[in-house]
């Protein structure tokens, strides 16, 4: 794999952890809400052969802390590109990351050369059960109960917020 640089950048009042690997047109990878930048580990060797591959931990994930002040995920993505001296990038996001990718393309279309949004929310209303699940996960995380938060996330995203395990066929 090409050389990888891991660092932190002061971005909009937050200390953002990021990695850069490879050479070529910049490729910005945005992780899902149930992971951090490490979710891209298996893809980096292939991507870095063709692209300058950038991935970072969004606020509240991995090595990036969640400050109390309001923030814009797309503003963080754009500011990281600025920090790295990158004018335009292909942007790929998964789940929560796809929301940031879309918002980045809307906020700064001149900065996005291609957009891939995987498992993106479509703007449909969030169900009361899903909203309650998110609130419960936040409470567990704030209480330091990471195993409980992981267990509930598995239930929410594998079984579904309105189903029990008996309704999911493991085959």
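Residue numbers (the numbering used here): 80 to 250. Idealized CB from N, CA, C, for every residue including glycine. Values in this document were obtained by computation on a predicted structure and should not be read as measured data.
Do residue j and residue i count as a contact pair if the criterion is CB distance below 8 angstroms?
i	j	result
residue 133	residue 163	yes
residue 240	residue 198	no
residue 106	residue 168	yes
residue 143	residue 93	yes
residue 157	residue 183	yes
residue 141	residue 96	yes
residue 176	residue 110	yes
residue 100	residue 125	no
residue 237	residue 229	no
If residue i sits next to residue j, beta carbons under 8 angstroms apart, how far is it from one beta carbon to the other, in whole angstroms?
i	j	result
residue 138	residue 161	No, residue 138 and residue 161 are not in contact; Cβ-Cβ is about 17 angstroms, not under 8 angstroms.
residue 53	residue 88	Outside the shown range of the chain (80 to 250) lies residue 53, about which nothing can therefore be said.
residue 108	residue 171	5 angstroms
Per DSSP, what are the beta-bridge partners of residue i in this structure?
i	result
residue 143	Partner(s): none; residue 143 has no beta bridge.
residue 94	89
residue 168	191
residue 240	None, per the DSSP bridge assignment.
residue 84	99
residue 173	197
Would you identify the three-state DSSP class for residue i, choosing helix, strand or coil?
i	result
residue 179	helix
residue 102	coil
residue 134	strand
residue 107	strand
residue 232	helix
residue 216	helix
residue 199	coil
residue 247	coil
residue 123	helix
Would you say residue i lies against chain C (beta-carbon separation less than 8 angstroms)?
i	result
residue 146	The question asks about chain C, but that chain is absent: this structure has only one protein chain.
Does the count of Cβ pairs from the segment 213 to 229 and the segment 174 to 193 closer than 8 angstroms reach three?
-> no
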